[in-house]
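Q: Residue 1 is where the sequence shown starts when you use full-length UniProt numbering, and the numbers rise one by one after that.
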Amino acid sequence: MHESTVEKLCILDGGIARVEDGSIYSPGMNVGVPMTLSCNAYLIRHRNKWLMWDTGTPDYLYSEPGGKIIAHGIRGMVVRTVASQFEAIGVSPDDVDIVMFSHAHYDHIGNSGLFRNAKWIVQQAEHDAMFGSNPDRFGYLPELYSTMRNNEVEVIQGDCDVFDDGAIRVIYTPGHTAGHNSLLVRLPQTGPVILSGDVAHNCCNLKHRRVPAMNADREASLSSMHRIEQLAHKEGARIWVNHDTAQSATLPHAPAWIV
C-alpha cells in the first residue's frame, strides 16, 4: 500500500439534534422514544490542502440554549460553534481549499458561509435539488447555503477521487437524498475510515437496514447501506456513523487531531 497523502483529520462538534419520536429514523421501532443525535463536521489535511467535509448545525443557534426546531420536527442545538473550534485549532475557515457536504440538510450545511474561498465539489443531483424550484420538498433551507453560489463549483456525477491519488474518495450513496455522498479517507496511522453521512443514522439502523420515512428513495437507501458495508469490508475500513451519539463519544474531537 502506498504511503497515505492524508496528514490528519479533526472532528468538530457540529451540534446536537433532538427528536421526540425516534421512529422518524426507524419506522415501527422506537416509537415515541426521544433520541439525541450527534452532528459532526470534519476538517482534513491533505499535503498542503485543507478539505472540509460537512459544516454542522448553524452557529447562530448557539444564542438559543434550548435550540430550535429546524426541519422534520428535529430540534437543532449548538454548544460549541464551528467558528470557535477553528480558532482553537489555529486554522481559519478562509484557508479551507475544498468544501463538500454529504448532503444539504441543515445539520450538514449549516455553516457553509464560513468557507467563502473554498472550491465546492457537489453531486449534480444534489445541486439540482438545492437550487431547483422546490427545495422545501427535500427539507432544504436555501438561506443556509445561498452563499455557495459565490464559490467556485465543481459538479460531479458518481464517485470521485478528490486528489487523484486514492487518499480521499467521494462515494456516491444516494437514498437519504438524491445526491447523498459518503467519504473514504485513508489516514496514515488509523487507516481507512468511511465518513458515512446519513447512509444510516446510527449503527443499529445500518445493521438492520432501517430506512427513515424522510428518505428520498428507499431502494437506493438500502443499496447504499449495502455498498458502504461492502466497501468497508474490502478496504478494511471503519465506518464512522455521523449521528451515532455512542460511537461519536468514543472518538476524539477538536482540538485533538486523528492521524
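Glycine is no exception: its CB is placed at the ideal position from the N, C-alpha and C atoms.
These numbers were taken from a predicted model, which means no experiment stands behind them.
Taking the CB atoms as reference points, tell me whether T36 and T245 lie closer together than 8 Å.
A: Translated into the one-based positions of the sequence shown, residue 36 becomes position 36. Translated into the one-based positions of the sequence shown, residue 245 becomes position 245. Result yes, Cβ atoms of T36 and T245 sit closer than 8 Å.
Q: Keeping to the same chain, check which residues put their C-beta closer than 6 Å to that of E152; ignore five residues upstream and five downstream.
A: By one-based count along the sequence shown, residue 152 stands at place 152. Within the same chain, E152 has close Cβ partners K119.
Q: Suppose contacts are defined by Cβ-Cβ distances below 8 Å. Is R186 in contact with M29 by that definition?
A: In the sequence shown, counting from the first residue as 1, residue 186 sits at position 186. In the sequence shown, counting from the first residue as 1, residue 29 sits at position 29. In this structure, M29 does not lie closer than 8 Å to R186 by Cβ.
Q: In the structure shown, what three-state DSSP assignment does M1 receive?
A: Taking the first residue of the sequence shown as position 1, residue 1 is located at position 1. Residue confidence is low: M1 scores 48 on pLDDT, short of 50, so the model does not pin down where it sits. Its coordinate-derived value is still stated next. Here M1 sits in coil by DSSP.
Q: Does the region 5 to 24 come into contact with the region 241 to 255, if we say contact requires no fewer than three beta-carbon pairs (one atom in each stretch) closer than 8 Å?
A: Yes: the two stretches touch, three or more of their Cβ pairs being nearer than 8 Å.
Q: For the putative contact between S182 and I168, defined by C-beta atoms under 8 Å, what is the C-beta separation to the nearest angstrom?
A: Here residue 182 corresponds to residue number 182 of the sequence shown, with the count starting at 1. Here residue 168 corresponds to residue number 168 of the sequence shown, with the count starting at 1. Not really, about 12 Å apart at Cβ, beyond 8 Å.
Q: Taking only three categories from DSSP, how would you classify V185?
A: Within the sequence shown, the letter at position 185 stands for residue 185. Reduced to three states, the DSSP call for V185 is strand.
Q: Would you decide whether E126 is buried or exposed? Buried here means 16 or more other CB atoms lie within 10 Å of its CB.
A: For this step, residue 126 is matched to residue 126 along the sequence shown. Buried, because 16 or more other Cβ atoms sit within 10 Å of the Cβ of E126.
Q: For the region 152 to 181, list the beta strand (DSSP E) runs that are entirely contained and at least 3 residues long, ordered along the chain.
A: Fully enclosed beta strand (DSSP E) runs of 3 or longer: 153 to 156 and 168 to 172.
Q: Please state the DSSP three-state secondary structure of R238.
A: Taking the first residue of the sequence shown as 1, we reach residue 238 at position 238. Strand, per DSSP.
Q: Buried or exposed: which applies to A88, given that a residue is buried once 16 or more other Cβ atoms fall within 10 Å of its Cβ?
A: Residue 88 sits at position 88 when you count from the first residue of the sequence shown. Exposed, since its Cβ has fewer than 16 Cβ neighbours within 10 Å.
Q: Given 8 Å as the limit, is there contact between the region 223 to 240 and the region 68 to 76, that is, 3 or more CB pairs closer than that?
A: Judged by Cβ distances under 8 Å, the region 223 to 240 makes no contact with the region 68 to 76, as fewer than three pairs qualify.
Q: According to DSSP, which residues form a beta bridge with K8?
A: Numbered from 1 along the sequence shown, position 8 holds the residue referred to as residue 8. R45, per the DSSP bridge assignment.
Q: List the endpoints of the continuous beta strand (DSSP E) containing M77.
A: What you label residue 77 is simply residue 77 of the sequence shown in a count that begins at 1. Residues I74 to M77.
Q: Could you pull out every residue in the same chain whose Cβ sits closer than 7 Å to the Cβ of M148, ignoring the five residues on either side in sequence?
A: Numbered from 1 along the sequence shown, position 148 holds the residue referred to as residue 148. Result list for M148: S112 and W120, in chain order.
Q: For the beta strand (DSSP E) holding M100, just list the boundary residues, first then last.
A: Position 100 of the sequence shown, counted from the start, is the residue given in the question as residue 100. First-last of the beta strand (DSSP E) with M100: I98 to M100.
Q: Going by DSSP in three states, T147 sits in which element: helix, strand or coil?
A: Along the sequence shown, one-based indexing puts residue 147 at 147. Helix.
Q: What's the C-alpha gap between residue 266 and G66?
A: Since the first residue shown for the chain is 1 and the last is 259, residue 266 is missing from the structure and cannot be characterised.
Q: Less than 8 Å separating the beta-carbons of P93 and L114?
A: Within the sequence shown, numbered from 1, the residue matching residue 93 stands at position 93. Within the sequence shown, numbered from 1, the residue matching residue 114 stands at position 114. In contact: P93 and L114 (Cβ atoms closer than 8 Å).
Q: Please tell me whether V96 and M52 are closer than 8 Å, where the distance is taken between their beta carbons.
A: Taking the sequence shown and counting its residues from 1, the one referred to as residue 96 is at position 96. Taking the sequence shown and counting its residues from 1, the one referred to as residue 52 is at position 52. Cβ distance < 8 Å, so V96 and M52 count as in contact.
Q: Here's the rule: buried if 16 or more other CB atoms are within 10 angstroms of the residue's CB, otherwise exposed. What is P174?
A: Residue numbering aside, residue 174 sits at position 174 when the sequence shown is read from its first letter. Buried, because 16 or more other Cβ atoms sit within 10 Å of the Cβ of P174.
Q: Grab me the residues of D165's own chain with a C-beta within less than 7 Å of its C-beta, minus the 5 sequence neighbours each way, in chain order.
A: Position 165 of the sequence shown, counted from the start, is the residue given in the question as residue 165. Within the same chain, D165 has close Cβ partners T5.
Q: Can you tell me whether N209 is helix, strand or coil according to DSSP?
A: Position 209 of the sequence shown, counted from the first residue, corresponds to residue 209. Per the sequence shown, the amino acid found at residue 209 is Arg instead of Asn. In the structure shown, R209 sits in coil (DSSP, three-state: anything other than H, G, I, E or B).
Q: Measure the C-alpha to C-alpha separation of P142 and V170 and round it to an integer number of angstroms.
A: Here residue 142 refers to the residue found at position 142 of the sequence shown. Here residue 170 refers to the residue found at position 170 of the sequence shown. For P142 and V170, the distance between alpha carbons rounds to 23 Å.
Q: Look up T190 in the DSSP assignment and say whether it is helix, strand or coil.
A: Residue 190 sits at position 190 when you count from the first residue of the sequence shown. It is coil, neither helix nor strand.
Q: Along the alpha helix (DSSP H) that carries V82, what are the first and last residues, could you check?
A: Taking the sequence shown and counting its residues from 1, the one referred to as residue 82 is at position 82. Per DSSP, V82 belongs to the alpha helix (DSSP H) from V82 to I89.
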